[in-house]
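**Q** My structure is below; once you've seen it, I'll send some questions.
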């Protein structure tokens, strides 16, 4: 499963538990989950 988050709105996502790859794809952060049953990711807004 993959999630796309606007990079202008969010800092780089941080994987807290489980397995996922985080990278930048143009103007979005891409979070790609690996095999597993649970994933926890912290997504903080860009400071104003």
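In the numbering used here, the protein residues as written are 10 to 57. Here a beta-carbon is modelled for each residue, glycine too, at the ideal position from N, C-alpha and C.
(1) For residue 5 and residue 53, I'd like the C-alpha separation in whole angstroms.
(2) Counting only the same chain and skipping the five closest in sequence on each side, list residues whose C-beta sits under 8 Å from that of residue 37.
(3) For the beta strand (DSSP E) containing residue 11, name the first residue and the last one.
(4) Can you tell me the Cβ-Cβ gap for residue 25 and residue 51, rounded? I've got them flagged as a contact below 8 Å.
(5) Do you know offhand how far residue 32's Cα is from residue 55's?
**A** From the atom records:
(1) It is not possible to answer for residue 5, since the shown part of the chain is limited to 10 through 57.
(2) Locating residue 37 in the chain shown gives position 28, counting from the first residue. Result list for residue 37: 13, 14, 15 and 16, in chain order.
(3) Working through the chain shown from its first residue, we reach residue 11 at position 2. 11-15 is the extent of the beta strand (DSSP E) around residue 11.
(4) For this step, residue 25 is matched to residue 16 along the chain shown. For this step, residue 51 is matched to residue 42 along the chain shown. Confirmed, about 6 Å.
(5) To locate residue 32, count along the chain shown from 1; it is residue 23. To locate residue 55, count along the chain shown from 1; it is residue 46. Distance between the alpha carbons of residue 32 and residue 55 is about 16 Å.
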